[in-house]
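Notes follow once the structure below has been shown.
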Amino acid sequence: MEIGIAGAGIGGLAAAALLAQDGHRVRVYDRFTAPQPVGSGLVIQPVGLEVLDAVGAGQAARALGAPLAALHGDTAEGRIVLSVAYGATPARQGLGIHRAALFQLLLDAALAAGAELVPGHAVTGRDGPRLLFAGGGRSGRCNLIVDAAGAGSVLSPLRARPLPYGAIWATVPWPEATDLPADRLSQRYRRADRMLGVLPVGARPDRPDRRLAAVFYSMRVEDHPAWAEGSFADWRADALALWPAMAPFLHDRLGKSDFTFARYSHGSLRAPWGDGIAHIGDAAHRASPQLGQGANMALLDALALARALRQAHGEEALRLYAGARRWHVAAYQAMSAAFTPQYQSDSAVLPVLRDRVLAPLSRLGPVPAILTRLVCGDLLPPMPALSPRAVRGFPPALPPG
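Note that UniProt numbering numbers the sequence shown so that position 246 is 246, with each residue one more than the last.
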């Protein structure tokens, strides 16, 4: 098949690698003149790591990333509001990784599989089986278009609901003088309207000896312009008052230009496909990053689409892809909608409920194991219609054709 992919992000490059490995002729169109990642760090959960293994990038990702044993959140008063431990084995741990590292590994895998990257081609729409580009160009005829253009996709009919809270992100060296664990995502909360966090993200490919951290701070979207115009020193002092242990990360050499603001939205397509097109990743569903599933969802979509095309053709394959991902996506969308206001909102009631009721309950009986599977991404089967196993994992590779 001739496959055109819009967007060279995580989902687009993973799909390119998997589809090219299966013998399809794949071209990836991206608006940047040179391929580049956008963002700081992210968490790859165990289900996402299985996809990276299928792509052929899993081992390299583990070498560059930072293994995560737990997620932890507390308040300045010492009250634990979030505590989730991963499994005891490396296969059940998360992986903090810099976007630049993940991007390069997926790009290398896609090119090695035979996919072609076409930079400097901003997709503006489609004309049947052809992609349209800024400046008036168009692609060749595609048997399938894969919309992996993210939250800003012009190909997706999704109209997501903007969330009131976003976050500023920066990448900094992991300091030697810190007591914060290098194998844990750590967060400090003040009610639900302020949150400061740090994520170990391993190293970039060009500096594998330099370990890094992603620091992030939650704020209302409407407050970001005032932050951008205000005193960075005053903000830093306020952040360190919330969490003094972050001083080695928020060092004096940091400035506003080191931070990128991220906006979030929530919504999903009822049918992530149309006539000759499949939508994956943020072009198909969007949520807050509270559950740490965004990149994993894109990776799972890419694998599900590739597996569906191995088992069927045309519209039948697209229906199979959509059906395989429907319940997993819907469940995590619902849980994200339920959990996010407890950690990012103006509510005065929800943080009290979180701290005094839900957090203690989360440590009782089977709840810790349920939370672990929720975070790992396999509380429900990721793609049951394509998997012979009822709980987790993926079917063995089928020969292309």
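Beta carbons are placed, not taken as given, at the ideal position from N, Cα and C, and that holds for glycine.
Inset, instruction - Using the DSSP secondary-structure output, state which residues sit across from threonine 75 in a beta bridge. - result: Tyr189
Legend entry - Alpha-carbon to alpha-carbon, glycine 294 and glutamine 93: CA-to-CA, the gap between glutamine 93 and glycine 294 works out to about 17 Å.
Legend entry - Closest residue to residue 453 among Asp183, Val123, Ser231 (Cα-Cα distance): Lying before the first or after the last residue shown, residue 453 is absent from the chain, which here runs from 1 to 401.
Legend entry - Pair within 8 Å by beta-carbon distance, alanine 70 and alanine 54: no
Legend entry - Continuous alpha helix (DSSP H) stretch holding phenylalanine 232: start and end: 232-242
Inset, instruction - Give the single residue among Gly78, Gln45, Gly73, His72 whose Cα lies nearest to the Cα of arginine 62. - result: Ranked by how close their Cα comes to the Cα of arginine 62, the residues Gly78, Gln45, Gly73, His72 have Gln45 in first place.
Inset, instruction - Would you tell me roughly how many angstroms separate the C-alpha atoms of aspartate 206 and valine 172, rounded to the nearest one? - result: Rounded to the nearest whole angstrom, the C-alpha separation of aspartate 206 and valine 172 is 15 Å.
Inset, instruction - Mind listing, in chain order, the continuous alpha helix (DSSP H) runs of no fewer than 4 residues lying wholly within the segment 263-334? - result: 294-311
Inset, instruction - Express the C-alpha separation of valine 352 and alanine 237 in angstroms, rounding to a whole number. - result: 26 Å
Inset, instruction - Return the chain-ordered list of same chain residues with a C-beta closer than 6 Å to the C-beta of proline 400, the five sequence neighbours on each side being excluded. - result: Model confidence at proline 400 stands at a pLDDT of 33, short of 50, so the residue's coordinates are unreliable and nothing is read from them.
Inset, instruction - Sort out for me which residues DSSP pairs alanine 70 with in a bridge. - result: Ala85, Arg184
Inset, instruction - Report all residues from its chain with a CB closer than 6 Å to the CB of threonine 33; omit the five preceding and five following residues, and keep chain order. - result: The beta carbon of threonine 33 lies closer than 6 Å to those of Pro119, Gly120 in the same chain, with the five residues before and after it left out.
Inset, instruction - Under 8 Å by Cβ, that's how I've got glycine 166 and histidine 224 pegged, so tell me the actual separation to the nearest angstrom. - result: 7 Å
Inset, instruction - Provide the residue span of the beta strand (DSSP E) that contains glycine 125, from first to last. - result: 123-127
Inset, instruction - With a threshold of 16 other CB atoms inside 10 Å of the CB of glycine 9, please say whether the residue is buried or exposed. - result: buried
Legend entry - Distance, valine 375 Cα to serine 139 Cα: 39 Å
Inset, instruction - Check tryptophan 227 in the structure and name its three-state DSSP category. - result: helix
Inset, instruction - Could you tell me the boundaries of the beta strand (DSSP E) in which glutamate 116 lies? - result: 116-118
Inset, instruction - Would you list the residues sitting across from tyrosine 29 in a DSSP beta bridge? - result: Ala6, Val118
Inset, instruction - Evaluate alanine 112 with the Cβ neighbour count: other Cβ atoms within 10 Å of its Cβ, from every protein chain shown; 16 or more gives buried, anything less gives exposed. - result: exposed
Inset, instruction - Please list, in chain order, all residues of the same chain as glutamine 342 whose beta carbon is under 8 Å from its beta carbon, the five residues on each side excluded. - result: Ala192, Leu350, Pro351, Leu353, Arg354, Leu358
Legend entry - At least 3 beta-carbon pairs within less than 8 Å: the segment 249-256 vs the segment 315-324: no
Legend entry - serine 139 (DSSP reduced to helix, strand or coil): coil
Inset, instruction - Please say whether leucine 196 and alanine 214 have beta carbons closer to each other than 8 Å? - result: Contact flag unset, no.
Legend entry - Whole-Å CB distance - glycine 7 paired with alanine 226, under 8 Å assumed: Wrong, their Cβ atoms sit about 32 Å apart, outside the cutoff.
Inset, instruction - Kindly list the residues whose CB is nearer than 6 Å to the CB of serine 186, restricted to its own chain and excluding five residues on each side of it in sequence; keep chain order. - result: His72, Leu180, Val198
Inset, instruction - Find the nearest neighbour of lysine 256 within the set Arg263, Ser231, Asp275, judged by alpha-carbon distance. - result: Of the listed residues, the one whose Cα sits closest to lysine 256 is Ser231.
Inset, instruction - Answer with buried or exposed for arginine 210, where buried requires no fewer than 16 other C-beta atoms within 10 angstroms of its C-beta. - result: The residue is exposed, with fewer than 16 neighbouring Cβ atoms inside 10 Å.
Inset, instruction - Can you tell me which of Ala233, Ala151, Arg194 puts its alpha carbon nearest to the alpha carbon of tyrosine 217? - result: Tyrosine 217 has its Cα closest to that of Arg194, out of Ala233, Ala151, Arg194.
Legend entry - glutamine 290 to arginine 263 span [Cα, whole Å]: Using only the alpha carbons, I get a separation of about 13 Å.
Inset, instruction - Whole angstroms is fine: what's the gap from arginine 326's alpha carbon to alanine 283's? - result: 15 Å
Inset, instruction - Give the straight-line distance between the Cα atoms of serine 156 and arginine 31, rounded to the nearest whole angstrom. - result: 16 Å
Inset, instruction - Quick one: grab the DSSP three-state call for leucine 111. - result: helix
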